[in-house]
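Enquirer: Quick one: structure below, then a few questions.
Protein chains in written order, with the numbering used here: chain A, 13 to 415; chain B, 173 to 641.
In structure tokens, the structure reads:
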């Protein structure tokens, strides 16, 4: 147990940046390898996140799964009509997950999941050209999800989970005053939501899944705002202030289908719809001097649909190889594109390898590579325009044991 | 065999990962222009005069120097000599005072007014500078460091470009002229064998009038080279065209949109005491009777709260016998200059018992004259641009846009408000460092669009904001 806590502490620095706004779908290395498809899969306790409806179909009574991914991401930027170039120096993000599930009876399965579905980290040089928009940001959410699933028949399972979310955001941007002025915001919050899914196996070779994860509003109340400003302004702008802000984490509806083309070859397809349009405006409200400091920052995200394709091949009973591909279009509005979340239309492929040396034990290795396509974007309220390109490589490892 | 394949598959991603993101789509180019040697001709704006003085970092942050640096990417030779001042505090000429006094640059600092109230605002970097020391700094010749690419001279009008011996009258030229007694400023351009020129001149031809509250004359449109605006301006462009076949020209902004003219309100007098109101009203009762008796519409009335100031207006249509009554209350659309001594309003009854002297006010009639002259001069400038097929920056419309709506660039909001508007330096007329960067980018746009060139723009945030204590 102690070791597990140490592990959690290590990966608590969970954060990342890549396509799809600030959503990070690395909640299971079994799924990551196959294009991040999970809804129509029987992948043990990690289905707590992807589709709790499939939990009753896990093969053994107990199943545990822990793992993490390591995100190495880079963003390159060139300002419009300029030869100025900048690169973000992002910290390695480490989203993680830990699941446990227990089949109480043939009918009822319970599970518990701890995972990090949202996160973003972007670190630009403090003196870069967009410093008045953002210098650095890190955003993370950890979800804890107790879950119950029922076996309606041998073919259909349903599951529902209650989500307790803990979020924290830190960001810093420069202020256009002398002496490298800046404002630093640091806030924490908790919220709740739910995750429901249904799994259907009409015939042995075909699996279908549908999962809905609710939107969660993360409202920061009384976050800490620190203003580093020239002394002559400190009478007007307090150095230490409190702020409120709201960051919506969007709802997802995933539909997936998997079919065994042969005994060894599994083909799968998934469509994920993400209600990003909830992210309309990022609003900061300050306790003191609100008239002066409050700001409404339009983001105007739009909903996205992500198609995913994946294959899994059973080389022998102990080795599975996987591959996947997906296209994640950017939810951002091209006129309200802030360098705090460089989310571009992204092409991604995945590779995966599962090794099962003994019955019940699986070591799952995945490799995800993302190519954010080069595009010119503008944050029109600040007239900050340029071309962005991003890339990320994300190796991941997980281990699961069932008995 | 299978294992080998597997290894290849696993190595593939490592190979692809080596392609890190890179955006480098901007290809600088000179297009149809030749930026090898660049010369800048103009007045204080082009010289890099800022916050009321010419000083080292202000000169370096001037848009002409920024432009020269960016031109290096498109074939510029990298040489842009500026007749730099020896100090960071610099030397400037105070807006009011006769004879003119010299001062250092203005900085943001605290000052205490006649009521004992301390506030933050523009104050001289050195409170009571030694006039002789500043004069010596200004007069010390740097001609030996030339020839110069930035030959802009603070204070000059277009006719001064052709005035022999200008260096003896204007020390800002005298300090870099080889022979101040005889040299003609426009001839300095040829010394750097320019291939491209910038000309932004004409502001002082109206500004001198406006900044003196309508006391100094406006340059006449007609007249010979050296006197009339049309002939002088046309000759300036032609002279430069003989040296460099390509260039960029900027017109004259509406001077009355600068904070020098818009910061002090027309009605700063606040009356809170009913006794003071009735005292003032009875003091002006005679004035009102006299105006009524003469059938004139002027009346001076005082109320609790804010009141328009009383100003001298030499243009009032009064018979000569009543010349001493040529004062009235200022109208809301008339302008009070930043040079007005604030303590005189607060403690010496300026604007109430004592009318404000003419030199601190631009009346409706004077504003109209300024606008007409600006319009006429800008027409002449545009005609020269078109006749010579030059690049053109319409600073007049740019400043109009900034004063009406403001402009954002790289997250910096530019307005025509003093200090917080970011565009103007502390004197309310000249550009700040970030304002210079913005204007440099607009010059680059104008040049690129005319000559199909690709000079890269600069980041506004690379230049310092207004320094606050």
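Cβ coordinates follow ideal geometry from the N, Cα and C atoms, glycine included.
Determine whether the Cβ of residue 148(A) lies closer than 7 Å to any Cβ atom of chain D.
Expert: Judged by its chain identifiers, the structure shown contains no chain D, and its protein chains are A and B.
Enquirer: Taking the runs of the beta strand (DSSP E) that are 3 residues or longer, which of them lie wholly in the stretch 395 to 461 of chain B?
Expert: If one requires a minimum length of 3 residues, the beta strand (DSSP E) runs lying completely within the stretch 395 to 461 of chain B are 418 to 422, 441 to 443, in chain order.
Enquirer: Any chance you could list the alpha helix (DSSP H) runs of at least 4 consecutive residues sitting entirely within the stretch 288 to 359 of chain A, in chain order?
Expert: 302 to 305
Enquirer: Counting along the chain, where does the alpha helix (DSSP H) carrying residue 260(A) start and finish?
Expert: Residue 260(A) -> not in any alpha helix (DSSP H); beta strand (DSSP E) instead, spanning 252 to 261.
Enquirer: For residue 471(B) and residue 632(B), I'd like the C-alpha separation in whole angstroms.
Expert: 50 Å
Enquirer: So, at 7 Å on beta carbons, what are the nonlocal neighbours of residue 413(A) in its own chain, with the 5 sequence-adjacent residues on each side left out?
Expert: 76, 372, 373, listed in sequence order.
Enquirer: Tell me which same chain residues have a C-beta within less than 6 Å of the C-beta of residue 342(A), skipping the five on either side of it?
Expert: Around residue 342(A): 355, 356, 357.
Enquirer: Under 6 Å Cβ to Cβ from residue 189(A), same chain only, skipping five residues before and after it: list those, please.
Expert: 241, 242
Enquirer: Could you check whether the Cβ of residue 143(A) sits closer than 7 Å to any Cβ belonging to chain B?
Expert: yes
Enquirer: Using only alpha-carbon positions, find the residue among 446(B), 459(B), 469(B) that is nearest to residue 477(B).
Expert: 446(B)
Enquirer: List the residues that DSSP assigns as beta-bridge partners of residue 212(A).
Expert: 168(A), 220(A)
Enquirer: Could you check whether the Cβ of residue 631(B) sits closer than 7 Å to any Cβ belonging to chain A?
Expert: yes
Enquirer: When the Cα atoms are used, what is the spatial distance from residue 107(A) to residue 150(A)?
Expert: 13 Å
Enquirer: List the residues of chain B whose Cβ lies closer than 7 Å to the Cβ of residue 399(A), in chain order.
Expert: 195, 197
Enquirer: Using a Cβ cut-off of 8 Å, pull out every chain B residue sitting near residue 87(A), in sequence order please.
Expert: In chain order: 193.
Enquirer: Note down, in chain order, every chain A residue with its Cβ under 8 Å from the Cβ of residue 582(B).
Expert: 141, 142, 144, 394, 395, 396
Enquirer: Taking only runs of the beta strand (DSSP E) that begin and end inside the stretch 274 to 304 of chain B, which ones reach a length of at least 3 residues, in chain order?
Expert: The DSSP assignment places 278 to 284, 290 to 296 as complete runs of the beta strand (DSSP E) inside the stretch 274 to 304 of chain B, in order along the chain (cut-off: 3 residues).
Enquirer: If contact means a Cβ-Cβ distance below 7 Å, which residues of the stretch 225 to 246 of chain A contact chain B?
Expert: 242, 243, 244, 245
Enquirer: Can you tell which of 293(A), 304(A), 305(A), 321(A) has the C-alpha that lies nearest to the C-alpha of residue 284(A)?
Expert: Ranking the options by Cα distance to residue 284(A), first place goes to 321(A).
Enquirer: Once DSSP output is grouped into helix, strand and coil, what is the label at residue 111(A)?
Expert: strand
Enquirer: Would you give the residue range spanned by the alpha helix (DSSP H) that residue 617(B) belongs to?
Expert: That run of the alpha helix (DSSP H) goes 605 to 623.
Enquirer: DSSP three-state call for residue 235(B): helix, strand or coil?
Expert: helix
Enquirer: For residue 641(B), which of 349(A), 379(A), 247(A) has the nearest alpha-carbon?
Expert: If we check each option's Cα against that of residue 641(B), 247(A) comes out closest.
Enquirer: What do you get for residue 576(B), buried or exposed, if any count of 16 or more other CB atoms within 10 angstroms of its CB means buried?
Expert: exposed
Enquirer: Does residue 88(A) come out as helix, strand or coil in the three-state DSSP assignment?
Expert: strand
Enquirer: Taking buried to mean at least 16 other C-beta atoms within 10 Å of its own C-beta, is residue 35(A) buried or exposed?
Expert: Counting C-beta atoms within 10 angstroms of its own C-beta, residue 35(A) has 16 or more neighbours from the protein chains shown and is therefore classed as buried.
Enquirer: Name, in chain order, the residues that DSSP records as bridge partners for residue 365(A).
Expert: 333(A), 377(A)
Enquirer: For the stretch 584 to 596 of chain B, which residues have a beta carbon sitting closer than 9 Å to at least one beta carbon of chain A?
Expert: 584, 585, 594
Enquirer: With a floor of 3 residues, list each beta strand (DSSP E) that falls wholly inside the stretch 319 to 397 of chain B, ordered by position along the chain.
Expert: If we require 3 residues or more, the beta strand (DSSP E) runs fully inside the stretch 319 to 397 of chain B come out as 368 to 372.
Enquirer: So, at 6 Å on beta carbons, what are the nonlocal neighbours of residue 360(A) in its own chain, with the 5 sequence-adjacent residues on each side left out?
Expert: Contacts found: 338, 382.
Enquirer: Going by DSSP, what residue range makes up the alpha helix (DSSP H) through residue 548(B)?
Expert: 536 to 560
Enquirer: Please identify the residue among 411(B), 389(B), 219(B) whose C-alpha is closest to the C-alpha of residue 556(B).
Expert: 411(B)
Enquirer: Using a beta-carbon distance below 7 Å, is residue 403(A) in contact with chain B?
Expert: By this cut-off, residue 403(A) is an interface position.
Enquirer: Cβ of residue 102(A) less than 7 Å from any chain B Cβ?
Expert: By this cut-off, residue 102(A) is not an interface position.
Enquirer: Between residue 563(B) and residue 622(B), is the Cβ-Cβ spacing less than 7 Å?
Expert: yes
Enquirer: Near residue 168(A), what residues of its chain come up, given a Cβ to Cβ distance below 6 Å and the 5 sequence neighbours on each side ignored?
Expert: Hits under 6 Å: 212.
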